[in-house]
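A.B. asks:
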């Protein structure tokens, strides 16, 4: 057995290396790195030059299956609102399988997406091409629905409804689109509750959260703008989701100005409709935002004329304010009522503020409202009970709420356009009041696309109004022609009056007595059959069958309070209770009394109304909203004189439209 001798010990001192001294090994390590570098570079070069590995073979998917998958992806993209991606995938599907069994469905879907994107010409071209193909029954109905949506986009609502109305409930494949187009048509026909029913049906077929939320927003917008009496007429509601939406809207709108009653009503609603989608949407978003933006003054000063020529009006408003205050049962602010007749209104305002008022209601006189607008500062908000004069600029913190005749005239113009009337004749008194009515009506009517053919004024101190009436009806033209013919022929010529036929209606600005005389003379001068639309000033609340007969058929705009068609409350502000407690002001100055009630109840919400332009609140004086100038607008209700008295116009039902 041989023994390998051990190596001799290294002379660390001679070699300069030492295991505990790395600095002395550094030259050797650097040398080895440089020796390895060429080998690493050569390896990298050889790897780069090597051919790549072949890709894994794709599965052999038939074009029809790939097309079907692409079409399904396109439909999902369309539902998410990704229209461009949907179009690209559907077009690729058609390229892969143009003769697929579902190819025409894909083509129809492309046309629908184009229509939704506002590409109506492209959509209509696709529709016309598809109409020549051998489509099945469902595809034909879907194509008809596309045509209806294109007609709606072009403003041809009645033509679209004639297509939609006879359609039976469609297959689930396109039911969501059917209810969407149906809702759009019903909304254009001014049938909001029927449109809501269609949108509720659409909700059941939406699976995209964003689309569902948007649909709920549209449902609420329709309900929030529907006539309040139409909601009342649907009660008691059914226990389905449509009934839940209607009941929720009724409660919110009816008790919006009464937070305590609203809380109780919503609690009852949630017990009856525990899983309704409107609950979280409305209670959390709508009602919650109202509560966040409410103001809560502890003391209010009321500045009204309680003596002098405007004393009766001032007292009626005061009584309305007090009625609303007493109905609050101690939950409201303290009131301080000051007589503003003949006073320096700016000084009176400052005194009220120094005494602790955190908000001021009033004044009533227009000149005093103008004076406050020019004050150096308004440290607390003012809810004035009149509007500023023309040319006087508004200011922050000054809100205007009154019974301006311009509001009535503007509402009459909007009602005329909702009715479908395009061409108007205008007849108003020869006075500043009449001029204001005519200007407000004409501006609103023409801004909405209407045309005023002719306007005339009548003298308020005369009983015979043949002149302006014959001029309006163009009967004076026939008179002039007859005179010319007689002068030319030098003999008698028989002349028959024929009134103009191009006017849709007559807008009349008049008081009750004036209207009675004018309408009778209008009928005498060939005006029978010409609709007459007036302001609230022709409405008399007394029982007068002869007046009703003379004005039979005349339409007018009026406040909910005067038609007993406003909000319903259970806190002492119902009409029967108020008439028992305040009979005189209600009988003689009902509109002013209602103005006082609304003024008091609006106080917590004035800042919210200004912050949310277009927001509306149902009051006794109308549907109340605020414009950008701080002026509260009153939405009024349409009514008609009949032989049995004035009556509220009822909303038509879309299911009964024989269009």
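Numbering (the numbering used here), first residue to last: 3 to 661.
From the three backbone atoms N, C-alpha and C, an ideal C-beta is built for every residue, glycine too.
1. In the region 318-348, which residue ranges form an unbroken beta strand (DSSP E) of at least 3 residues, counting only runs that do not cross its ends?
2. Taking C-alpha atoms, which residue in 376, 187, 307 and 354 lies nearest to residue 367?
3. Identify which residue in 69, 477 and 120 has its Cα closest to the Cα of residue 109.
4. So the candidates are 650, 632 and 630; which of them puts its Cα closest to the Cα of residue 566?
5. Using DSSP with H/G/I as helix, E/B as strand and the rest coil, what is residue 627?
6. Please look up how many angstroms separate the CB atoms of residue 532 and residue 558, rounded, as I've assumed it's under 8 Å.
7. Going by beta-carbon coordinates alone, are residue 225 and residue 198 separated by less than 8 Å?
8. Where do the N-terminal and C-terminal ends of the alpha helix (DSSP H) with residue 283 fall, by residue?
9. Would you kindly report the start and end of the unbroken alpha helix (DSSP H) that includes residue 77?
10. Distance check for residue 271 and residue 104, CA to CA, integer angstroms please.
11. Comparing alpha-carbon positions, which option in 447, 405 and 428 lies nearest residue 421?
12. Should residue 162 go down as buried or exposed, given a rule of 16 or more other Cβ atoms within 10 Å for buried?
13. In chain order, what residues of the same chain have a beta carbon less than 8 Å from the beta carbon of residue 218, not counting five sequence neighbours either side?
14. Which full runs of the beta strand (DSSP E) of 3+ residues lie inside the region 76-146, going along the chain?
15. Quick check: the Cα distance between residue 423 and residue 564, rounded to an integer number of angstroms?
16. Report the rounded CA-to-CA distance for residue 342 versus residue 257, giving the unit in angstroms.
17. Measure the alpha-carbon distance for residue 187 versus residue 160 and round it to whole angstroms.
18. When burial is assigned at 16 or more other CB atoms within 10 Å of the CB, is residue 47 buried or exposed?
19. Put residue 168 into one of helix, strand or coil per three-state DSSP.
20. So, with DSSP's three-state summary, where would you put residue 510?
21. Would you mind reading off the limits of the alpha helix (DSSP H) that contains residue 182?
22. Give me the DSSP bridge partner(s) of residue 637.
23. With a CB to CB cut of under 8 Å and the five nearest residues on each side skipped, what residues in its chain are close to residue 463?
24. How is residue 244 classed by DSSP in three states: helix, strand or coil?
25. State yes or no: is the C-beta of residue 301 within less than 8 Å of the C-beta of residue 353?
26. Determine the closest residue to residue 133 out of 124, 121, 122 and 146, with distance taken between C-alpha atoms.
27. Sorted by chain position, which residues of the same chain lie with C-beta nearer than 7 Å to residue 119's C-beta, five sequence neighbours on each side aside?
28. Which same chain residues, not among the five before or five after residue 593, have their C-beta less than 8 Å away from its C-beta?
29. Since residue 285 and residue 268 should fall inside the 8 Å C-beta cutoff, what is the C-beta to C-beta distance between them, to a whole number of angstroms?
30. Tell me which residues share the same chain as residue 203 and place their Cβ nearer than 7 Å to its Cβ, disregarding the 5 neighbours each side in the sequence.
31. Using DSSP's beta-bridge definition, name the partner residues of residue 558.
32. Contact between the region 448-463 and the region 425-440: three or more CB pairs below 8 Å?
33. Would you list the residues sitting across from residue 610 in a DSSP beta bridge?
34. Note down the Cα distance separating residue 177 from residue 608, rounded to an integer number of angstroms.
35. I need the DSSP call for residue 647, collapsed to helix, strand or coil.
36. In chain order, what residues of the same chain have a beta carbon less than 7 Å from the beta carbon of residue 381, not counting five sequence neighbours either side?
C.D. replies: Reading from the atomic positions:
1. 336-341
2. In the chain shown, the residue the question calls residue 367 occupies position 365. Measuring from the Cα of residue 367, the nearest candidate turns out to be 307.
3. Locating residue 109 in the chain shown gives position 107, where the first residue counts as 1. Among 69, 477 and 120, the Cα nearest to that of residue 109 belongs to 69.
4. As a first step, residue 566 must be located in the chain shown, where it is residue number 564. Selected option, being the one with the closest Cα: 650.
5. As a working mapping, residue 627 is identified with position 625 in the chain shown. Note: residue 627 maps to strand in three-state DSSP.
6. Indexing the chain shown from 1 puts residue 532 at position 530. Indexing the chain shown from 1 puts residue 558 at position 556. Residue 532 to residue 558, Cβ: 15 Å. No contact.
7. Taking the chain shown and counting its residues from 1, one reaches residue 225 at position 223. Taking the chain shown and counting its residues from 1, one reaches residue 198 at position 196. Contact: yes.
8. Numbered from 1 along the chain shown, position 281 holds the residue referred to as residue 283. No alpha helix (DSSP H) contains residue 283, which DSSP labels as neither H nor E.
9. Numbered from its first residue, the chain shown carries residue 77 at position 75. That run of the alpha helix (DSSP H) goes 65-81.
10. Counted from its first residue, the chain shown places residue 104 at position 102. Counted from its first residue, the chain shown places residue 271 at position 269. If you take the alpha carbons of residue 104 and residue 271, they lie about 46 Å apart.
11. Residue numbering aside, residue 421 sits at position 419 when the chain shown is read from its first letter. Ranking 447, 405 and 428 by Cα distance to residue 421 puts 447 first.
12. As a first step, residue 162 must be located in the chain shown, where it is residue number 160. Label assigned to residue 162: buried.
13. As a position in the chain shown, residue 218 is number 216, starting the count at 1. Setting aside the 5 residues that flank it on each side, residue 218 is surrounded in the same chain by 205, 279, 280 and 283, each with a C-beta closer than 8 Å to its C-beta; the list follows chain order.
14. none
15. As a working note, residue 423 is residue 421 in the chain shown. As a working note, residue 564 is residue 562 in the chain shown. Near 26 Å, if we compare the C-alpha coordinates of residue 564 and residue 423.
16. For the purposes of this step, residue 342 is taken as residue 340 along the chain shown, with counting starting at 1. For the purposes of this step, residue 257 is taken as residue 255 along the chain shown, with counting starting at 1. One C-alpha to the other measures close to 32 Å.
17. If you number the chain shown from 1, residue 187 lands on position 185. If you number the chain shown from 1, residue 160 lands on position 158. One C-alpha to the other measures close to 8 Å.
18. If you number the chain shown from 1, residue 47 lands on position 45. Residue confidence for residue 47 is low, a pLDDT of 46 falling below 50, so the modelled location carries little weight; the figure read from the coordinates is stated next. So residue 47 ends up on the exposed side.
19. Numbered from its first residue, the chain shown carries residue 168 at position 166. Three-state DSSP puts residue 168 in coil, outside helix and strand.
20. Locating residue 510 in the chain shown gives position 508, counting from the first residue. The answer is strand: DSSP assigns residue 510 an E or B state.
21. Looking up residue 182 in the chain shown gives position 180. From DSSP, the alpha helix (DSSP H) with residue 182 extends over 177-190.
22. Translated into positions along the chain shown, residue 637 becomes position 635. Answer by DSSP bridge pairing, in chain order: 625.
23. Indexing the chain shown from 1 puts residue 463 at position 461. So the list is empty, once near-sequence residues are dropped.
24. Here the question's residue 244 lines up with position 242 in the chain shown. DSSP places residue 244 in helix when its eight states are reduced to three.
25. As a working mapping, residue 301 is identified with position 299 in the chain shown. As a working mapping, residue 353 is identified with position 351 in the chain shown. No, they are not a contact pair.
26. As a position in the chain shown, residue 133 is number 131, starting the count at 1. For residue 133, the nearest C-alpha among the options comes from 146.
27. Here residue 119 is taken as the residue at index 117 of the chain shown, counted from 1. Annotation for residue 119: 85 place their beta carbon closer than 7 Å to its own, counting only its chain and skipping 5 residues before and after.
28. For the purposes of this step, residue 593 is taken as the residue at position 591 of the chain shown. Excluding residues within five positions, the ones whose Cβ falls inside 8 Å are 405, 538, 561, 563, 564 and 623.
29. For this step, residue 285 is matched to residue 283 along the chain shown. For this step, residue 268 is matched to residue 266 along the chain shown. Rounded to the nearest angstrom, the Cβ distance from residue 285 to residue 268 is 6 Å, consistent with a contact under 8 Å.
30. What you label residue 203 is simply residue 201 of the chain shown in a count that begins at 1. Within the same chain, 181 come within 7 Å of residue 203 by CB-CB distance, once the 5 residues on both sides are set aside.
31. Numbered from 1 along the chain shown, position 556 holds the residue referred to as residue 558. Paired residues: 536 and 641.
32. yes
33. Residue numbering aside, residue 610 sits at position 608 when the chain shown is read from its first letter. DSSP lists no beta-bridge partner residue for residue 610.
34. Residue mapping note: residue 177 aligns to position 175 of the chain shown, counting from 1. Residue mapping note: residue 608 aligns to position 606 of the chain shown, counting from 1. Cα to Cα, the separation comes out at about 43 Å.
35. For the purposes of this step, residue 647 is taken as residue 645 along the chain shown, with counting starting at 1. Residue state, collapsed to three classes: strand.
36. Position 379 of the chain shown, counted from the first residue, corresponds to residue 381. These residues qualify, in order along the chain: 355.
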